[in-house]
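Engineer: Residue numbers (full-length UniProt numbering): 1 to 292.
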Amino acid sequence: MEHLTAGERVAKHVNILFLIVIALLCLFPFYYVVVISISPESEVIRKGIIWFPEKVAWTAYAEMINGKHGLLQAYQVTLFRTVIGTLLNLLLTFMTAYPLSKQTLPGRSGFILYIVFTMLFNGGLIPTYLVVQSMGLLDTVWALIIPGLIGTFYVIIMKSFFEQLPTEIGESAMIDGAGEWQTMIRIVLPLTMPVMATVGLFYAVYHWNSYFDAVMYLNDVSLHPLQVVLRNILLNVQMQNTEISQFSDGNKVSMHSVKMAAVVLTTVPILVVYPFIQKYFTKGVMLGSVKG
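Have a look at this one:
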């Protein structure tokens, strides 16, 4: 074990204490949201700021799940969009990036220039809406998936990763009789799991958090994803009085508890998944920075 001087030990403990304080400050907002969401209406009105609830009440969560907010339907739409959308994103991004990584591809520079151009300029909001409308995608869940099937930035990241793979791998597969498709699926694809996981993670987070495209393209309330429903809940609750009725039994629930319960229900899935995929975020920082 490395011997530390007295000053180094003090500095180490100060750093640990500082990081603990920063971590607590980062965790406190979510803790406060959870506490308010499970606090009864009378306690929220009486205290305003609650550190520890005197009594746990799940009324706000019952209102969110059993009420007429459409939260469960929104969960289904968001899960469909996240799963199907991410799979299609990965498929088309892979199919675009792999040929572009080949130096022998005819017109490769032109294709890359065309793709990079879309990072600097786009058609604009109104032309994009007209394209979606002309394709018959309005008021369908596919309007949330098809317009963003390929992300230019992720194509560049994946292309850079392919270019770092040894060319001898593909050449040896060709010598053994494998065709281009067999080489891509059986040899290259298994080697790209790190970049596929990273890019897929970014795509999934985008689909889960996105709401503006749903506001633009969907008039059918039953197709609204989770973030749109959360936004509507927060806006509607702010227009209410101090409390709202929950069910016909006369129970009351604080507006603040309803808002906090909605935030918890829409945030928890990502928080549960994130610890298992955190390492891919770290890898993703460096994936596209080694080679252009």
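Beta carbons: idealized from backbone N, C-alpha and C, even for Gly.
Go through its chain and collect everything with a Cβ distance to V221's Cβ below 7 angstroms, but skip five positions before and after it.
Structural biologist: Taking the first residue of the sequence shown as 1, we reach residue 221 at position 221. Only G70 meet the Cβ criterion.
Engineer: For a test of the three-state rule: what should DSSP assign to F276, helix, strand or coil?
Structural biologist: Residue mapping note: residue 276 aligns to position 276 of the sequence shown, counting from 1. Per DSSP, reduced to three states, the secondary structure at F276 is helical.
Engineer: Please report the distance separating the alpha-carbon of G124 from that of S134.
Structural biologist: Counting from one through the sequence shown, the residue named residue 124 turns up at place 124. Counting from one through the sequence shown, the residue named residue 134 turns up at place 134. Those two C-alpha atoms are separated by around 16 angstroms.
Engineer: What span of residues does the alpha helix (DSSP H) with H224 cover, start to end?
Structural biologist: The count along the sequence shown starts at 1 and reaches residue 224 at position 224. Looking at the DSSP string, H224 is not in any alpha helix (DSSP H), and its letter there is neither H nor E.
Engineer: Given a cut-off of 8 angstroms on the beta-carbon distance, is the pair L90 and M184 in contact?
Structural biologist: Start at 1 with the first residue of the sequence shown, and residue 90 comes out as number 90. Start at 1 with the first residue of the sequence shown, and residue 184 comes out as number 184. No, these two residues do not count as a Cβ contact at 8 angstroms.
Engineer: Could you tell me whether the stretch 114-129 touches the stretch 187-195, where touching means 3 or more Cβ pairs closer than 8 angstroms?
Structural biologist: no
Engineer: Whole angstroms are fine: how far does the CA of A6 sit from the CA of V14?
Structural biologist: Position 14 of the sequence shown, counted from the start, is the residue given in the question as residue 14. Position 6 of the sequence shown, counted from the start, is the residue given in the question as residue 6. The alpha-carbon atoms of V14 and A6 are separated by roughly 12 angstroms.
Engineer: Could you give the DSSP three-state label for Y61: helix, strand or coil?
Structural biologist: The sequence position of residue 61 within the sequence shown is 61, counting from 1. In the structure shown, Y61 sits in a helix (DSSP, three-state: H, G or I).
Engineer: Can you list, in chain order, the residues of its chain whose CB lies under 8 angstroms from that of V155, leaving out five sequence neighbours each side?
Structural biologist: On the sequence shown, residue 155 is found 155 positions in, with the first residue counted as 1. Taken in chain order, the residues that qualify are T93, T96, A97, L100 and I115.
Engineer: Could you check whether the stretch 48-61 touches the stretch 102-118, counting it as contact only if at least three pairs of C-beta atoms, one from each stretch, sit closer than 8 angstroms?
Structural biologist: no
Engineer: Do R81 and L269 count as a contact pair if the criterion is CB distance below 8 angstroms?
Structural biologist: Reading the sequence shown from its first residue, position 269 is the one you call residue 269. Reading the sequence shown from its first residue, position 81 is the one you call residue 81. Here residue 269 turns out to be Pro, not Leu, going by the sequence shown. Contact flag unset, no.
Engineer: In whole angstroms, what separates the C-alpha of L265 from that of L19?
Structural biologist: Here residue 265 is taken as the residue at index 265 of the sequence shown, counted from 1. Here residue 19 is taken as the residue at index 19 of the sequence shown, counted from 1. Taking the straight line joining both Cα atoms gives about 28 angstroms.
Engineer: Between Y217 and V132, is the Cβ-Cβ spacing less than 8 angstroms?
Structural biologist: Counted from its first residue, the sequence shown places residue 217 at position 217. Counted from its first residue, the sequence shown places residue 132 at position 132. Cβ distance < 8 angstroms, so Y217 and V132 count as in contact.
Engineer: Taking the Cβ atom as the reference point for each residue, do M260 and S109 lie within a distance shorter than 8 angstroms?
Structural biologist: Position 260 of the sequence shown, counted from the first residue, corresponds to residue 260. Position 109 of the sequence shown, counted from the first residue, corresponds to residue 109. Not closer than 8 angstroms, so no.
Engineer: Nearest-angstrom Cα distance between I175 and F111?
Structural biologist: If you number the sequence shown from 1, residue 175 lands on position 175. If you number the sequence shown from 1, residue 111 lands on position 111. Distance between the alpha carbons of I175 and F111: 29 angstroms.
Engineer: Please say whether L223 and D139 have beta carbons closer to each other than 8 angstroms?
Structural biologist: Position 139 of the sequence shown, counted from the start, is the residue given in the question as residue 139. Position 223 of the sequence shown, counted from the start, is the residue given in the question as residue 223. Yes. Within cutoff.
Engineer: Tell me which residue opens and which closes the alpha helix (DSSP H) that F94 is part of.
Structural biologist: Start at 1 with the first residue of the sequence shown, and residue 94 comes out as number 94. Where F94 is concerned, the enclosing alpha helix (DSSP H) stretches over L71 to L100.
Engineer: Look at V199 and A74 and say whether their C-beta atoms are less than 8 angstroms apart.
Structural biologist: Position 199 of the sequence shown holds residue 199. Position 74 of the sequence shown holds residue 74. Not a contact, by the Cβ cut-off of 8 angstroms.
Engineer: Whose C-alpha, out of Q76, D213 and W208, is nearest the C-alpha of Y274?
Structural biologist: As a first step, residue 274 is located in the sequence shown; it is residue number 274 there, counting from the start. Here the closest residue by C-alpha is W208.
Engineer: Whole angstroms is fine: what's the gap from E171's alpha carbon to F153's?
Structural biologist: As a working note, residue 171 is residue 171 in the sequence shown. As a working note, residue 153 is residue 153 in the sequence shown. Rounded to the nearest whole angstrom, the C-alpha separation of E171 and F153 is 28 angstroms.
Engineer: Give the straight-line distance between the Cα atoms of V56 and Y32, rounded to the nearest whole angstrom.
Structural biologist: Counting from 1 along the sequence shown, the entry for residue 56 is found at position 56. Counting from 1 along the sequence shown, the entry for residue 32 is found at position 32. Taking the straight line from one Cα to the other gives about 14 angstroms.
Engineer: Hey, could you find the ends of the alpha helix (DSSP H) L19 is sitting in?
Structural biologist: Your numbering for residue 19 matches position 19 in the sequence shown. It spans A6 to S37 - the alpha helix (DSSP H) in which L19 sits, taken as one unbroken run.
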